[in-house]
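Numbering (the numbering used here), first residue to last: 82 to 455. Positions of the beta carbon are idealized from the N, C-alpha and C atoms, including for glycine.
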Ligand SMILES: [Cu+2]
């Protein structure tokens with residue numbers, strides 16, 4: 082049994098391997114000593130409590146009033162999470178969930194995050210916001226050891242959905258990300274979303290789906306290994322990660338996290354904004370029996386949405402958004418349309434849609450019936 086401090090030093094040592102030293106060195110904070118302080122004292126402040134995915138905290142789609150400072154607090158939580166019936170991971174999480182909670186602001190707002198790393202954790206963490214400008218997305222300014230907290234404020238200058246993730250340097254970066262440390266922010270245009278012709282569109286619901294590829298080592302008998310803490314599994318997991326072959330590809334942290342009792346819900350006529358984030362690996366969402374009416378494939382709302390997609394592409398390290406109005410009731414599967422990943426590795430969610438069937442859109446003209454002679 083290694084002590085917590087030894088574990089901390091040990092992992093720091095692994096990160097400083099020669100090949101990685103150069104990458105780690107580039108991650109020191111920039112010189113800000115000559116920069117004038119930003120004055121946001123005149124701006125109103127609002128605080129949102131974060132909620133776990135697939136839900137998103139209450140927010141305005143069209144901003145009322147001018148820019149604000151929007152405050153959030155997140156606790157980093159290292160804990161064991163069950164990924165499948167027979168597989169567990171010593172997860173690293175933002176606020177206890179995989180993915181971390183979504184933060185929603187409007188263009189021109191300032192997002193101000195208090196990031197806390199409780200003393201009960203073992204590892205150093207930080208946050209790199211793809212939506213932010215400079216200092217490695219804030220990663221260089223937010224490194225917190227267990228027992229430390231930090232506050233980062235950045236101006237939301239580009240509307241869209243963007244990934245955030247932990248990036249503490251060197252080999253820690255992919256390890257923390259595939260252990261669960263990623264999430265997404267949504268920066269809405271102040272006047273809300275627009276369709277392909279520039280007309281306003283609203284959504285009735287948001288479905289926030291974070292896809293995670295896990296690399297869980299097996300023992301000699303083929304069983305997934307359960308480790309007492311993240312550090313103990315580091316070396317084995319790194320070997321597995323370097324095969325680039327995940328053992329699990331899941332939505333919201335576990336096989337079945339969005340099926341059964343936890344399926345997403347909608348009603349015929351409702352427009353659902355599906356936000357799909359993947360911090361590490363490409364994906365290709367597809368709604369079986371439905372479409373993407375308006376798809377911001379790269380997730381950035383200054384670009385007009387594409388229409389009528391069957392499947393859309395999420396680049397690893399990005400988030401995309403697709404709006405769909407449900408037209409028929411039933412159970413829809415929302416999958417990563419690499420069907421091996423969807424069915425065998427876990428990347429399937431369900432949407433249960435209530436409402437009346439429309440025979441004009443689809444009708445079973447004849448139920449399967451025997452024919453011919455046997
Ligand atoms: Cu981390």
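Quick check: what's the CA-CA separation for residue 424 versus residue 414?
Sequence index remark: in the chain shown, residue 424 carries index 343 (1-based). Sequence index remark: in the chain shown, residue 414 carries index 333 (1-based). Taking the straight line from one Cα to the other gives about 11 Å.
Counting only the same chain and skipping the five closest in sequence on each side, list residues whose C-beta sits under 6 Å from that of residue 213.
Working through the chain shown from its first residue, we reach residue 213 at position 132. Answer for residue 213: 219, 235, listed in chain order.
Please report the straight-line C-alpha distance between residue 264 and residue 193, rounded to a whole angstrom.
Numbered from 1 along the chain shown, position 183 holds the residue referred to as residue 264. Numbered from 1 along the chain shown, position 112 holds the residue referred to as residue 193. Using only the alpha carbons, I get a separation of about 16 Å.
Would you call the CB atoms of residue 346 and residue 285 closer than 8 Å?
Your numbering for residue 346 matches position 265 in the chain shown. Your numbering for residue 285 matches position 204 in the chain shown. Cβ atoms of residue 346 and residue 285: not closer than 8 Å.
Could you pull the start and end residues of the beta strand (DSSP E) that residue 373 belongs to?
Numbered from its first residue, the chain shown carries residue 373 at position 292. Run containing residue 373: 373 to 377, per the beta strand (DSSP E) assignment.
Do you know whose CA, among 269, 281, 357, lies nearest residue 290's CA?
Here residue 290 refers to the residue found at position 209 when the chain shown is read from its first residue. That would be 357, whose Cα lies nearest to the Cα of residue 290.
Is residue 249 near ligand 1 - that is, is its Cβ less than 7 Å away from at least one heavy atom of it?
Residue mapping note: residue 249 aligns to position 168 of the chain shown, counting from 1. Within the cutoff, so yes.
If we ignore side chains and look at the alpha-carbon of each, how far apart do residue 231 and residue 243 end up?
Translated into the one-based positions of the chain shown, residue 231 becomes position 150. Translated into the one-based positions of the chain shown, residue 243 becomes position 162. Using only the alpha carbons, I get a separation of about 21 Å.
When you compare the CB positions of residue 440 and residue 366, do they come within less than 8 Å of one another, or not?
Position 359 of the chain shown, counted from the start, is the residue given in the question as residue 440. Position 285 of the chain shown, counted from the start, is the residue given in the question as residue 366. No. Outside cutoff.
Taking the alpha carbon of residue 355 as the point to measure from, which residue in 349, 348, 116, 368 has its own alpha carbon closest?
The residue given as residue 355 occupies position 274 in the chain shown. Comparing Cα-Cα distances from residue 355 to each of 349, 348, 116, 368, the minimum goes to 368.
Where do the N-terminal and C-terminal ends of the alpha helix (DSSP H) with residue 424 fall, by residue?
Translated into the one-based positions of the chain shown, residue 424 becomes position 343. Counting along the chain, residue 424 falls outside any alpha helix (DSSP H), and DSSP gives it neither H nor E.
Do the stretch 333 to 341 and the stretch 268 to 287 touch if we need at least three Cβ pairs shorter than 8 Å?
Result no; under three Cβ-Cβ pairs closer than 8 Å.
Any contact between the stretch 180 to 192 and the stretch 114 to 131? By contact I mean 3 or more CB pairs, one from each, below 8 Å.
With a cut-off of 8 Å, the stretch 114 to 131 and the stretch 180 to 192 count as touching, because enough Cβ pairs lie within range.
Taking all protein chains shown into account, decide if residue 315 is buried (16 or more other Cβ within 10 angstroms of its Cβ) or exposed.
Along the chain shown, one-based indexing puts residue 315 at 234. Burial call: buried.
Taking only three categories from DSSP, how would you classify residue 233?
For the purposes of this step, residue 233 is taken as the residue at position 152 of the chain shown. In the structure shown, residue 233 sits in a strand (DSSP, three-state: E or B).
Apart from the five residues on each side of it in sequence, which residues of its chain come closer than 7 Å, Cβ to Cβ, to residue 419?
The count along the chain shown starts at 1 and reaches residue 419 at position 338. Once the five neighbours on either side are set aside, the close Cβ partners of residue 419 are 365.
In or out: residue 200 buried (at least 16 other Cβ within 10 Å) or exposed?
What you label residue 200 is simply residue 119 of the chain shown in a count that begins at 1. Exposed: under 16 other Cβ atoms inside 10 Å.
So residue 383 packs on residue 148, CB below 8 Å; how close in whole Å?
Residue numbering aside, residue 383 sits at position 302 when the chain shown is read from its first letter. Residue numbering aside, residue 148 sits at position 67 when the chain shown is read from its first letter. The Cβ separation is near 17 Å, so there is no contact.
Report the three-state DSSP secondary structure of residue 156 (helix, strand or coil).
The residue given as residue 156 occupies position 75 in the chain shown. If DSSP states are grouped into helix, strand and coil, residue 156 belongs with the strands.
Considering only residues of the stretch 392 to 455, which uninterrupted beta strand (DSSP E) runs meet the minimum length of 3 residues and lie entirely inside it, listed in chain order?
For the stretch 392 to 455, whole beta strand (DSSP E) runs of length 3 or above, ordered along the chain, are 399 to 406, 411 to 417, 429 to 435.
What separation, rounded to the nearest whole angstrom, lies between the Cα atoms of residue 161 and residue 311?
Here residue 161 is taken as the residue at index 80 of the chain shown, counted from 1. Here residue 311 is taken as the residue at index 230 of the chain shown, counted from 1. Roughly 8 Å between the two C-alpha positions.
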